[in-house]
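Undergrad:
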Amino acid sequence: MATTAFTVATYNVLDLFPPGPEGGAAAHHEKKLETLAAKIASLGADVLGLEEVGSNAVLEELVRRIPGPPYRIVFGTPDARGIGCALLSRLPLVASAVHTTDELPFPVFVEGDPHPFHGRMPLRRGVVQGTVDVPGVGPVDVFVVHFKSGRPAPKKTAAGELLDSSDAQSFEAMESAVRSVVMRAAEALFVRRLVDDVFRKNPGARVAVLGDFNDVPHSLGVRVVSGRGATELFDATASIPHDRRHSHVHFGQKRAIDHVLVSARLRGIITAARVYNDDLRDHDALRAAGHGPFHDSDHAPVTVTLQSS
295 MATTAFTVAT YNVLDLFPPG PEGGAAAHHE KKLETLAAKI ASLGADVLGL EEVGSNAVLE
355 ELVRRIPGPP YRIVFGTPDA RGIGCALLSR LPLVASAVHT TDELPFPVFV EGDPHPFHGR
415 MPLRRGVVQG TVDVPGVGPV DVFVVHFKSG RPAPKKTAAG ELLDSSDAQS FEAMESAVRS
475 VVMRAAEALF VRRLVDDVFR KNPGARVAVL GDFNDVPHSL GVRVVSGRGA TELFDATASI
535 PHDRRHSHVH FGQKRAIDHV LVSARLRGII TAARVYNDDL RDHDALRAAG HGPFHDSDHA
595 PVTVTLQSS
């Protein structure tokens, strides 16, 4: 029987808004679409997760500019800024869903304890799920995620005004850092429950979770989504040398924060993985030096190629 190779990818496209206050002038928007379309075309991805997409309409604009077979689109619920996740597939999409919640669950220490953060942690960006039918492989459940950024989460008044000190050495600033970790951990728990639901229905399921985790390998959020035991998910890019693995640069600090995690049945058929960071630029340092706006993204795409046996 002939083998089938297919590629999955994730790419944070950085604030892909329509022209306007967030998206900039029409000429800038057009150049950004051209730049992103060229980058995506170079990936050769059959299934692609995108993060920071401003609307379904602007996503359709982007997809029209990508040469090759058309992508089917599933656009997720955006956050307050208007950015959301999306799933693009050139393979048959047999089912799709967008998962949202007004309140992310968080563990209690004693049964019967009240919810520790009642009403304070909604899922800001919907998790996009799609089941794609891969020839020679079968159905693969793909989740696209975008977790809370690594920036601190300051305390607010009931009216939404910030309370925390801007002093990075203050106790309040460290509290803000802890809140940020808690939010990412809660998002990761939500996604892990979705993954468990898939395995509960089919213990032999093929699952991939991909996106911008805003955290490095072996961090709490990545470990929570990965799980353990028979339903563990694995880093599909583990074979890439550490010095080539980074997907984001912040004032010279290179970090791998965009991930593709796969179940055991997919892990066994991985043939290649790559982070497209050769032309990745440090937007924060450039912006501080007075440069910008930028047509490219400040994240590098990550691709994983698999082949049926």
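First residue of the sequence shown: 295, per the numbering used here; consecutive thereafter.
We treat Cβ as the ideally placed atom computed from N, Cα and C, and that holds for glycine.
All values derive from a computational prediction rather than experimental measurement.
#1: Of the choices Gln-423, Lys-333, Arg-500, Phe-400, whose alpha-carbon is the least far from that of Arg-478?
#2: Specify, as a first and last residue, the run of the alpha helix (DSSP H) that Thr-425 falls within.
#3: Which residues in the same chain as Asp-396 place their Cβ atom closer than 7 Å to its Cβ, once the five residues preceding and following it in sequence are excluded?
#4: In whole angstroms, what separates the C-alpha of Gly-317 from that of Ala-502?
#5: Look up Asn-623 in the DSSP assignment and say whether it is helix, strand or coil.
#6: So Glu-481 and Phe-441 are supposed to be a Cβ contact under 8 Å. How far apart are they, rounded?
#7: Since Val-439 sits in a beta bridge, which residues does DSSP pair it with?
#8: Between Thr-425 and Val-368, what straight-line distance do the alpha-carbon atoms span, to the nearest angstrom?
#9: Can you tell which of Lys-449, Gly-454, Glu-455 has its C-alpha closest to the C-alpha of Ala-467?
#10: Give me whichever residues DSSP pairs with Arg-366 in a beta bridge.
#11: Going by DSSP in three states, Lys-449 sits in which element: helix, strand or coil?
#12: Kindly list the residues whose CB is nearer than 6 Å to the CB of Met-295, restricted to its own chain and excluding five residues on each side of it in sequence; keep chain order.
#13: Starting from Val-516, follow the alpha helix (DSSP H) in both directions and report where the run begins and ends.
#14: Provide the residue(s) that pair with Tyr-305 in DSSP beta bridges, ordered along the chain.
#15: Would you kindly work out how many angstroms separate the C-alpha atoms of Pro-410 and Val-402, rounded to a whole number?
#16: Any idea what DSSP makes of Met-295, helix, strand or coil?
#17: Assign Gly-584 to one of three DSSP states: helix, strand, or coil.
#18: Thinking C-beta only, is Gly-343 closer than 9 Å to Val-422?
#19: Which residue from His-512, Gln-547, Leu-398 puts its Cα closest to that of His-593?
#20: Just list the residues that DSSP pairs Pro-372 with in beta bridges.
#21: Report the CB separation of Ala-549 from His-540 in whole angstroms; it is logged as a contact under 8 Å.
#22: In terms of residue numbering, what span does the alpha helix (DSSP H) encompassing His-323 cover?
TA: By the coordinates alone:
#1: Phe-400
#2: It is not in any alpha helix (DSSP H) - Thr-425 instead sits in the beta strand (DSSP E) that spans 421 to 428.
#3: Pro-416
#4: Here the alpha carbons of Ala-502 and Gly-317 stand approximately 31 Å from one another.
#5: Residue 623 lies beyond the range of the chain shown here (295 to 603); nothing can be said about it.
#6: 5 Å
#7: According to DSSP, Val-439 shares a beta bridge with Gly-505.
#8: 11 Å
#9: Taking only the C-alpha atoms, the option nearest Ala-467 is Lys-449.
#10: Ser-383
#11: coil
#12: Low confidence applies to Met-295: its pLDDT is 49, below 50, so where it sits in the model is not reliable, and the reading given next is rough at best. Closer than 6 Å at the Cβ level, and outside the excluded window around Met-295, lies no residue.
#13: 514 to 520
#14: Leu-344
#15: 7 Å
#16: Legend: pLDDT at Met-295 = 49, less than 50; position of this residue unreliable, no value from coordinates given.
#17: coil
#18: Using a Cβ distance threshold of 9 Å, Val-422 and Gly-343 count as a contacting pair.
#19: Gln-547
#20: In DSSP, Pro-372 forms no bridge with anything.
#21: The identity of residue 549 in the sequence shown is Arg, whereas the question assumes Ala. Confirmed, Cβ separation roughly 6 Å.
#22: 320 to 337
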